[in-house]
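Working notes for the structure below.
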Amino acid sequence: MILYLQVLDEVGDMQSNLLEYLTGKIDEAGDMLASVTSFTAGDLSKKADFYKGSDSFKSYFEQLNPLEQKPQELVNLQKIYNLYNERKTTAELIFEKFDPTGRASTLKSADEMEHQLFAKVEDILERSAEEEKSDAIVAIDGTLVS
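Read in order, the letters of the sequence shown correspond to residues 13 to 158 in this note's numbering.
Written out as structure tokens, the structure is:
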């Protein structure tokens with residue numbers, strides 16, 4: 013009976029460790045995705061956060077792997093690891109090719125262009141108004157003199 017209880021206790025500990033590692037992997041996977049999303053929104057610091065999460069995910073994976081014994085569990089773990097590698101490769105391409113400052117730069121350029129264009133249009137309209145005012149004065153003066 014004592015041996016049976018010890019085995020149950022060990023199984024309980026293994027299941028607890030397994031659950032802890034699985035929860036950690038899910039949390040890190042979510043953090044990694046959030047980091048990439050924030051990076052593309054312009055937060056350059058999220059690149060380092062992604063790699064930190066990636067290292068943590070890999071650590072959880074390496075701790076989880078020896079706990080799995082069933083062939084299907086091992087197959088599933090390999091699938092998870094393959095997906096992790098695909099996501100990491102994709103994120104690395106995003107970090108390499110995507111300019112997260114592009115949106116802010118584009119908005120700034122558009123704002124500057126709008127201000128420059130507005131200033132030019134305003135100048136043209138002011139000169140045109142002055143010319144119209146001058147023409148009106150000349151016309152009124154001409155009418156009064158006649």
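Glycine is no exception: its CB is placed at the ideal position from the N, C-alpha and C atoms.
Q) The alpha helix (DSSP H) with Thr102 in it runs from where to where? A) 83–109
(Q) Assuming Phe69 and Tyr96 are in contact, meaning their beta carbons sit under 8 Å apart, how far apart are those beta carbons, in whole angstroms? (A) 6 Å
Q) Start and end of the alpha helix (DSSP H) containing Asp67? A) 58–76
Q: Tell me, please, whether the stretch 109–117 touches the stretch 46–65 by the rule of three or more beta-carbon pairs shorter than 8 Å.
A: yes
Q. Between the C-alpha atoms of Glu134 and Ala148, what's the straight-line distance to the nearest angstrom?
A. 21 Å
Q) If you drop the 5 nearest sequence neighbours on each side, which residues of the same chain put their C-beta closer than 7 Å to that of Lys100? A) Ser66
Q) Taking just the CA atoms, how far does Lys64 sit from Phe110? A) 20 Å
(Q) If you measure between the beta carbons of Tyr93 and Phe73, is that distance less than 8 Å? (A) yes
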